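Right, one structure below, let's go through it.
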Amino acid sequence: MIDQIKIALIGNPNTGKSTLFNALTGLNQKVGNFPGVTIDKKSGSTLIDGKNFEIIDLPGIYSLYPKSIDEAIVFDVLSDQKNISHPDLLVVVVDASNLKRNLLLFSQVADLGIPIIMALNMIDIAEKEGIEIDIDGLESKLKIPIIPINARKKVGFTNLKKQFLLAPAIINAEYRLNVMPLAPDLICRIQSELHLSNPTIAYQLAHQYENLKFVTEDQKIRVKELVRDSKFDTQKIQAQETISRYNLINELLFDTVKDRRASGSENYSNRIDRVLTHKFFGLIIFMLLLLGMFQAIYTWSAYPMDLIEELFAWLSTSLKEILPLGFLTNLLTNGIIAGLSGVIVFVPQIAILFAFIAILEDTGYMARVTFMLDKLMKKVGLNGKSVVPLIGSIACAVPAIMAARTIENWKDRIITIMVAPLISCSARLPVYTILIALVVPSKIVLGFVNLQALALMFMYLLSFAAAILAALVMKYLIKAKSRGFFIMELPVYRMPRWNNVLLTIYLRSKTFVLEAGKVIIIVSALLWLAASYGPSKKFEAIESSYQKQKASGINTENLEREMQSQKLEASYAGILGHVIEPAIRPLGFDWKIGIALITSFAAREVFVGTMATIYSVEGDANNSLKLVDKMRQAKNPITGDPVFTLAVSFSLMIFYAFAMQCMSTVAVTYRETKSLKWPIIQFVYMTGLAYVSSLLVYQLMS
Amino acid sequence: MNLAELNIGETAIIESFTDQEMSIKLLEMGCLPGQLVHVNNIAPFGDPMAITISGYKLSLRKKEAATIILKS
C-alpha cells in the first residue's frame, strides 16, 4: 500500500519498546532488511479504525550517535526523507523511572522535525520508587502529546492508537536545542551546499556523514573538506551538545518531576545481584544453568526430532508411491526432501535453545553473564558480549553469528564471528554419535560414567578449547579499528514475558528454516544430481551388466544394492571422491569417506546419509544401528583390514569438529561482515586446522 | 580520586572526565558532573564494576571508570 502511514518506535534499550511493538503488531510482523544494509528491520502492521499502519521497531539506542552497526541505521532512516522506512510519526518510548537519560534521546530526535509523540512507560515502577511526574505539565512545556502506557499490561493503547490516527496533524515538539551556536559557519555551509532546510540535520551530518547511505560520495568529500576547514572537533562538540541538552532537560524537569528516591536504598534487583553475580556462587549458578540448558536441549528435543524424521520418511515414501517414477520424483524425494529433513530436524533444538536465551535475556540475567565473564573473555581477545553468541553456537553457528551484532567493538565482533563455528554445533552431533558408537565401547567407567558419553563430552570440550585458542591467535593478528568499550546497562530483574518468549521461538525458528533451508535445498539437489549421474558410458555398462546378471536369476535384492554402489563410484561425486583421495589418504580416509566429506560441505549431518548410501543401506539416520554394523564390517579391498579403526574414526571426528563444512555459516559470515575476505579466511583457517589435526591424530594413533 | 578507586558500598559525586571520547559515551549513559555515583559490586574476576547512577545500574570496566574524576 502506498499511502500506508509509517510509525517508527524509538527509545533506549529496556524501555518496553519491543513489548509495545509486539503488542501492537502481534503475529503480523516480519523481519526484513533496511534498504542497502543487512540490518534486520522489524516491522509489522496494525489496523486502527479501518486504517492500516506500518509500525517499524527501530533498534534500541541511547543516543543518535551510533556505537554499533545496528545503531547506525537509526539516524540514516530518520534524516533521509526518501528512505522507504522514513516515518510519518515517531513514537518515543520513555522509561518514566529513568526520565533524564531517556529524555536525552528524545531531545535529539525531537530536533529532526518529524512529528513526534511520547509514550511514557513504567510509570508504576517510577511511582513505587518515589518519582512523581506531572504529565500535564510536561505536555504543556513540550507541546506534544504524552501518552502514559503500561506496555506489559497493555494499558493506554487505546489513547496511543488515537494519536496514530491524528499522525500527520501532530506538530513538532517545542523545547528544542538550537545547535547553531555550536558551529554556526559550518552548519550554514552544509545547509546551503546540500540544500538542507533543517540546521540540526546539517549539524548531525558534520558528525556522521561517513556512515550515511543517502549522502553521495561527492557530498561526503565536500562535507569532509568543510569539516576540516572549520576545524570542527566532533568529540568536543558532541560533549558540549550533550551537556546543553541535559541543561535543557533539567530545566524541563525542574517543576514537573519530584524525585523522592532515598539515596542508597537497596532495591530487590541489587539484592538478587548479590547472589547471582557473587564472586563464587555467581559462577557456580551460571555453570549449573548451562548444564541444565544442555540437558534440556538434548532430552526435550529427542521426541519431536524423532517425530520429524519419521514424518519426512513417511512423506518421502508416500510421494514415491503417488508420483510417477522418474527423474523429478527422485530429485524431490531423495534430494530435496532428504536435505530439507536434515534442516528441519534441528528446529526443536534451536527452539529450545532460543527459548532459554530469550528467557535469560528477558529476565536481565544475560547482562549479568556478560558482566561476570568480561574479564575472562577479554584475555583471549573477546568481549563479555561474546558469551551469548558462543553459547548459541552449540545449537547452530548461523543465529549465533547474527547475535554477535550487539558487540560494539569491531575487532571483538570479528573474532567472535570467526571462532563461533569452531564450537561443536548440533549438526556435528549425528556424526559424533555414529562414529563413537562405532569405535567406543558402551562401557560404564568410574561407577556411573558411560564411556561413549565421555567421548562425546571430550569432543565438546575440545571444540571450546579450539575456539579460545583461535581467538587468542586472532587477538594478535587482527588490528583494532577502535577502542573497546564496556559501558553497559544492567537492567533490573523482571519476570520473563512469556508471550515474547514464544514469539522469539517462532520468529527465530522461522528465520532459521528459511535462511538455512534455501541453501540446503539447492545444495542437496545438486549433490543428489552429482551422486546419481555420471559419464553415461560407464553408467550404461554398469546397467547392462546388471541386466545380464538379473536375467541369470541371481538374488536381485543384493544385486540392486551392488549396482547402486557401483553407480555411486562411477558418478560425478564418486569421481570427485577418487580425485581427492590422495589428499585425504594421510588422514586415513578412502574415496568413500571423501564423497561424504564433499557432500558434508552442504551440511555436516549429510555425512550419515551419505555413508548410508555408500554402504548401500536402505533408510537413513533412522536405522543407524544397521549402518554402524555395515561400517564396522567395511574392509579395505586391498589389505582386508577394517576401514573404520579407532584411528580413522577419531581422525574423522576431529576433521568434522574443526572443518568449515557449512554453507549457511559461510553465507551468514559473508552477510554479517559484508566482505568476502572474512568468510574466505574462516574457511581456510578452519579447514586447514582440521586437516593438520586429523593428520596428527591419525598418524599418532595408527 | 577516580571512580576505579572507590570501594564497594561507597558513594561519591562526579566532578569531571579525563577522556573526551569516553566522556561522550558516559554522558549519554547519564553519568553527569554533579551526579551521585554508588559502587554496587565488582565482577567475580575483579573487573568490570557495577555502579548505580541516576537511578539505574551500569557496568563499566575499571579502566573506563578511571576516567571519571570524583569530588573529594
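So the protein sequences, as listed, match chains A and B. Just so we're aligned, residue 2 is where the first sequence starts under our numbering, counting upward by one. Just so we're aligned, residue 299 is where the second sequence starts under our numbering, counting upward by one. Don't be surprised by glycine CBs; every beta carbon is placed ideally from N, CA and C. All of these numbers come straight from a predicted model, not from anything done at the bench.
In chain order, N338 make up the part of chain B whose C-beta sits under 7 Å from the C-beta of N271/A. A straight line joining the alpha-carbon of I124/A with that of R177/A spans about 24 Å.
Secondary structure remark: continuous alpha helix (DSSP H) runs of at least 4 residues inside the segment 167-237 of chain A, in chain order: 185-194, 200-209, 218-230.
At a beta-carbon threshold of 9 Å, the residues of chain A lying near L356/B are I488, M489, E490, L491, ordered along the chain. Note on the segment 8-92 of chain A: whole alpha helix (DSSP H) runs with a minimum of 4 residues are 18-26, 70-80, in chain order. Residue state for I306/B is assigned as coil, using DSSP reduced to three classes. Secondary structure of M347/B (DSSP, three-state): strand. Residue A363/B holds the alpha-carbon nearest to the alpha-carbon of I340/B among G332/B, I322/B, A363/B, M327/B. At a Cβ-Cβ threshold of 8 Å, S425/A and A658/A count as neighbours. Approximately 31 Å separates the beta-carbon atoms of V493/A and G382/A; this is outside 8 Å, ruling out the contact. Shown in chain order are the members of the segment 368-389 of chain A whose Cβ falls below 7 Å from a Cβ of chain B: F372, M373, D375, K376, L377. Contacts with chain A (Cβ-Cβ distance below 8 Å) from the segment 299-330 of chain B involve T309, Q318, E319, M320, S321, I322, K323, L324, L325, E326, M327, G328, L330, listed in chain order. For the pair W679/A and I418/A, the CB atoms are nearer than the 8 Å cut-off. Within chain B, not a single residue places a beta-carbon under 7 Å from that of N410/A; the smallest gap is close to 12 Å. In summary, D413/A is buried, with 16 or more beta-carbon neighbours lying within 10 Å of its beta-carbon over all protein chains present. In this structure K482/A is in contact with W411/A, their Cβ atoms being roughly 5 Å apart against a cut-off of 8 Å. With contacts defined as CB atoms closer than 8 Å, T316/B and T365/B qualify as a contacting pair.
Across the segment 230-244 of chain A, CB contacts with chain B closer than 8 Å involve Q236, K237, Q239, A240, T243, I244, in sequence order along the chain. Close CB contacts of Y573/A within its chain, under the 7 Å cut and outside five residues either way in sequence, are with A531, Y534, G535 (chain order). The Cβ of A364/B sits no closer than 8 Å to any Cβ of chain A. In this structure, L187/A sits near L227/A, with a CB-CB distance shorter than 8 Å.
Under DSSP, the beta-bridge partners assigned to A120/A are V94/A, I148/A.
Residues of the segment 94-113 of chain A with a Cβ closer than 7 Å to any Cβ of chain B, in chain order: S98, N99, K101, R102, L105. Residue burial is scored here from C-beta neighbours: P88/A has at least 16 other C-beta atoms within 10 angstroms and is therefore classed as buried. Around L463/A, the same chain offers A658 as residues with beta carbons nearer than 7 Å, after the five sequence neighbours per side are excluded. Below the 8 Å Cβ cutoff, chain B contributes no neighbours of L139/A, its closest Cβ being approximately 18 Å away. In the three-state DSSP reduction, K360/B falls in the helix class (H, G or I). At least 8 Å separates the CB of S370/B from every CB of chain A.
Under the Cβ criterion of 8 Å, S64/A is counted among the residues facing chain B.
The C-beta distance from M489/A to S357/B rounds to 5 Å, short enough to fall under 8 Å. Distance from the CA atom of K68/A to the CA atom of S198/A, rounded to whole angstroms, is 27 Å. For the alpha helix (DSSP H) assignment, the uninterrupted runs of no fewer than 4 residues enclosed by the segment 296-345 of chain A are, from N- to C-terminal side, 328-331, 339-345. Here DSSP, grouped into helix, strand and coil, assigns S321/B to helix. For D375/A against P346/B, the beta-carbon gap comes to about 5 Å, under 8 Å, which counts as contact. With distances taken between CA atoms, K144/A lies nearest to I118/A out of G157/A, I118/A, I337/A.
Bridge pairing for H336/B: T309/B, T350/B [DSSP].
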